[in-house]
Amino acid sequence: MTAAQKETLGFQTEVKQLLNLMIHSLYSNKEIFLRELVSNASDAADKLRFLALSNGDLYENDADLKVRISADKDANTVTITDNGIGMSREDVINSLGTIAKSGTAEFFQNLTGDQSKDSQLIGQFGVGFYSAFIVADKVTVRTRKAGESQGIEWQSAGEGEYTLQEIDKPTRGTEIILHLREDEKEFADEYRLRSIVTKYSDHISIPVEMYKAEVPESEGPDGEKIPAQPGEWEGINRATALWTRDKSEVTDEEYKEFYKHIGHDWEEPLSWAHNKVEGKTEYTSLLYIPKKAPFDLWNRDRQTGLKLYVQRVFIMDDAEQFMPSYLRFVKGLLDSNDLPLNVSREILQDNKVTQAIRKGCTSRVLKMLERMAKNREEDYQTFWNEFGQVLKEGPAEDMANKEVIAKLLRFSSTHTDESTQNVSLDQYIERMKPEQDKIYYVVADSFAAAKNSPHLEIFRKKGIEVLLLSDRVDEWMMSYLTEFNEKSFQSITRGDLDLGNMDDEETKKAQEESEKEVAGLVERIKTALGDSVKDVRFTHRLTDSPACVVADEHDMSSQMQKLMESVGQTVPEQKPIFELNPEHQLVKHLNVEQDEDKFTQWSHVLLDQALLAERGTLKDPAGFVTRLNKLMLDLSK
1 MTAAQKETLG FQTEVKQLLN LMIHSLYSNK EIFLRELVSN ASDAADKLRF LALSNGDLYE
61 NDADLKVRIS ADKDANTVTI TDNGIGMSRE DVINSLGTIA KSGTAEFFQN LTGDQSKDSQ
121 LIGQFGVGFY SAFIVADKVT VRTRKAGESQ GIEWQSAGEG EYTLQEIDKP TRGTEIILHL
181 REDEKEFADE YRLRSIVTKY SDHISIPVEM YKAEVPESEG PDGEKIPAQP GEWEGINRAT
241 ALWTRDKSEV TDEEYKEFYK HIGHDWEEPL SWAHNKVEGK TEYTSLLYIP KKAPFDLWNR
301 DRQTGLKLYV QRVFIMDDAE QFMPSYLRFV KGLLDSNDLP LNVSREILQD NKVTQAIRKG
361 CTSRVLKMLE RMAKNREEDY QTFWNEFGQV LKEGPAEDMA NKEVIAKLLR FSSTHTDEST
421 QNVSLDQYIE RMKPEQDKIY YVVADSFAAA KNSPHLEIFR KKGIEVLLLS DRVDEWMMSY
481 LTEFNEKSFQ SITRGDLDLG NMDDEETKKA QEESEKEVAG LVERIKTALG DSVKDVRFTH
541 RLTDSPACVV ADEHDMSSQM QKLMESVGQT VPEQKPIFEL NPEHQLVKHL NVEQDEDKFT
601 QWSHVLLDQA LLAERGTLKD PAGFVTRLNK LMLDLSK
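The numbers in our numbering rise by one with no breaks, and the one at position 428 of the sequence shown is 428.
And the structure:
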C-alpha cells in the first residue's frame, strides 16, 4: 500500500453501537474527552519508558517524554500529541477498530435507551479513545511506533467505517486531531483547554504542555520598553506523580481524578488509602475501592491487578501478585524501591518482597473496608451490593484474615423482610437467644427458596434468627467458615438438629408422645422407599410441613452437589435422610393406611415433595405427577 492509497475498513459491530451513543452526546460533562485522551497519552509514555529499559534505542534520541495540546479556532480543531510508544498498523486496527474487552456483549445487553442511564453504563465500561466523538464529527490519528519506520494515518467520522493510510512520520508517538462539531467550538479555545487540563490531569506524571504565544515588544506606562517574549511550549500541570507527594498535600478531588485516570472509570471511588511504607520493605501504595463493578468481573480471562512502578518507572498494568483474588475489584498502584527494574511476572510470583507487599496491601484494604462498614454504612452497603459475592471467596482463600473477612460479610436473615444482605455476624450474635450457642443458616437456590424452606418452621416458632444464603458461592464459603467469635455455624438442613438448651422438658415430652402415636411407621416407610433413601426418622424441626430431607453430617449438601455439577465435576450419588413430622395430619393418615400400594404411593409422594422443596428439581418429575394424579383420583371416588 503506497502513501497515496487508502484502505477502508468497517468497525466491529460493538464499536458502531458505541459510536452511535457517543455521537448523540450522552454525557452531560463533555469536557472529559480531553482527560481520557491525555490519560491515554500518559499511558503510551509509561509503556515506552518501560520498554526502553531493555532497548534504549526506542527513545530515538528523544527521551524527554511529554504531551502537547494545541487548538486552531479557524479550523475548529484540537490536537493532542505525545511522543510515547506509538502504534503499528496492527495496533491501530486492534485499538481503534475493535473493542478488545471481555464483557462487551453483556454491556450492550444492559443498554436501555435511556440516555442518562446508558451514559453511566458507558462509564463503567471504560471507552477512553471513543470519547473523542462526544465533541468531534471527525477524528484523525497519525501515529508511528517507536523503532519502526512506517507511520499510519487513521481517520473516521464515526459512521461505521474508517480509513487507513501509510504516511511518513519523522517522529514516533501519536497525534490525534479532533475536528470539532459546530456546536462544540468552545473547546477550540486555549484558555478552556488549559482549565480542563488543570482540573482533570494535573496529576499526570509527565508534562502536559500548551503553546504560549509570542508577546511583541511593548511600551510601559512610564514609556519604558518592555522586551518581546518569544513563543514557547510551557507545562500546565504539576508533572509530579501524585503518589510521590505527601498525602497531606493531596486534595480529595485530586485523589478522585487520579482514580479515574488509572482505573479508566467515570465514577468516583468509594474509598482510597495512600500509604508510604518504610523499613524492611519500602514501597508506596495508593489503593482504591470502586463504586461500580465492571461488566467482566466474573470473566476468568479478565486481567486484574495493580499498576506496578519500580522507582517511579512504570513496569506493568495488571500485577495480580500483589492482591488476593477475592480482592480483585481493588484498583490502584504500587511503587517499590526493593524490586529490580527488569522485574518480570515470573520473578514476582515467588519473590519475598512481593509476599511482604501483598500481605501489607491486603491488610490495608481490609482495614479500609472495616472503617467504611463502621462509619459509612450506606457506602458499605453500596460496596456489598457490587462486590459482596467476590469478598465471600475470602474465607477459603485467606485463612490468616478469615475472622476479619467474616466481620465484613453481610447476610439476609429471617429477621429482615427483604432480600437485601445487610445483617452482619456481630448483629446476629447480639440478637441471639440467651441459651443459643450456634449461628444457624440455610443455603438455597434463591432468596425465596431460602425464606420459605420447611427447615425454618421450628426456628420461626421459637423466634430464633436464621441466616438466609442464596448466592452461588455461599455453600462453598460455609464449608470454610466454621465459626465466628467462638460461635460455631450450624446448617439447619444437615444431620440431627441440635437446639441445645432451647427445648424445654415439657416440649420434649409432647414430642415423645406424638412419636408413640405413629410408632412403627418409620419401618413401614423404609420398606416402601427401599434404597431411595439413606434413612427414615422422625423430626421435630417441622411445624407445618409433613416431611423434609436432610444431608447426613458427613455427606455433601444438595447445594454443594449442584455447585460441583455446574463446573463439570462428577458427584457421587448421595441418598438423603427422610425426616417425618409425627404431628402432621398427612403423616397420621399414612400411619392408618391399610392398602400397601397406596401406602407406597403416598410415601414416594411425600419424599418427592420434600426433595422438590429442598433441591427445586426431581430426577423423575413425570413419576411424581403420575403418583399424585392417581392418589387424587382415588380420593375423589
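Heads up, the beta-carbon is just placed ideally off N, CA and C, and yes, glycines get one too.
Whole-angstrom Cβ separation of serine 470 and serine 446, contact assumed at under 8 Å?
5 Å
Whose CA, out of Leu468, Asn299 and Ile85, lies closest to the CA of glutamate 418?
Leu468
Integer-rounded CB distance, given that leucine 369 should sit under 8 Å from leucine 334
At roughly 19 Å, the Cβ-Cβ gap does not stay under 8 Å, so leucine 334 and leucine 369 are not in contact.
Assuming contact is defined by CB atoms lying nearer than 9 Å, are serine 42 and isoleucine 167 in contact in what I supplied?
no
According to DSSP, which residues form a beta bridge with histidine 261?
Paired residues: none, contrary to the question.
Quick one, which of Ser545, Lys575 and Ala136 has its alpha-carbon nearest isoleucine 185's?
The displayed chain sequence assigns lysine, not isoleucine, to residue 185. Nearest of Ser545, Lys575 and Ala136 to lysine 185, Cα basis: Ala136.
Assuming leucine 369 is part of the alpha helix (DSSP H), what are its boundary residues?
352–375
Considering only their Cβ atoms, is the gap separating histidine 261 from alanine 201 smaller than 9 Å?
The displayed chain sequence assigns serine, not alanine, to residue 201. Yes, they are a contact pair.
Of all the beta strand (DSSP E) runs that stay within the bounds of the region 167–196, which reach a length of 3 or more residues?
173–180
Contained beta strand (DSSP E) runs [length at least 3] in the region 421–469, N- to C-terminal order
438–443 and 467–469
On the DSSP bridge list, what partners appear for lysine 233?
Per the sequence shown, residue 233 should be read as tryptophan rather than lysine. Partner(s): Tyr211.
Taking aspartate 91 as part of the alpha helix (DSSP H), name the residues at either end of that continuous run.
89–96
For tryptophan 272, which three-state DSSP category applies?
strand
Neighbour-count burial assignment, leucine 348, 16 or more Cβ in a 10 Å radius
buried
Run the CB neighbour count on aspartate 46, radius 10 Å, all protein chains shown included, and call it buried at 16 or more, exposed below.
buried
I'd like to check one pair, threonine 140 with histidine 179: are the Cβ atoms closer than 9 Å?
yes
Answer with buried or exposed for proline 576, where buried requires no fewer than 16 other C-beta atoms within 10 angstroms of its C-beta.
buried
For glutamate 161, collect the residues of the same chain with a Cβ closer than 7 Å to its Cβ; drop the 5 residues on either side in sequence, then sort them by chain order.
Thr8, Leu9, Gly10 and Phe11
Within this structure, are the beta carbons of leucine 580 and phenylalanine 538 separated by less than 9 Å?
yes
When DSSP builds the beta bridges, which residues end up paired with aspartate 638?
Absent from the structure is residue 638, since the part of the chain shown begins at 1 and ends at 637.
Taking contact to mean at least 3 C-beta pairs separated by less than 8 Å, is the region 351–362 in contact with the region 290–298?
no
Valine 277 and valine 38 look like a contact to me (Cβ under 8 Å); what is the Cβ gap, rounded to whole Å?
About 30 Å separates the two Cβ atoms, so there is no contact after all.
Inter-residue spacing [alpha-carbon to alpha-carbon] between aspartate 379 and glycine 388:
13 Å
Assign leucine 628 to one of three DSSP states: helix, strand, or coil.
helix
Please say whether valine 365 and leucine 308 have beta carbons closer to each other than 9 Å?
no
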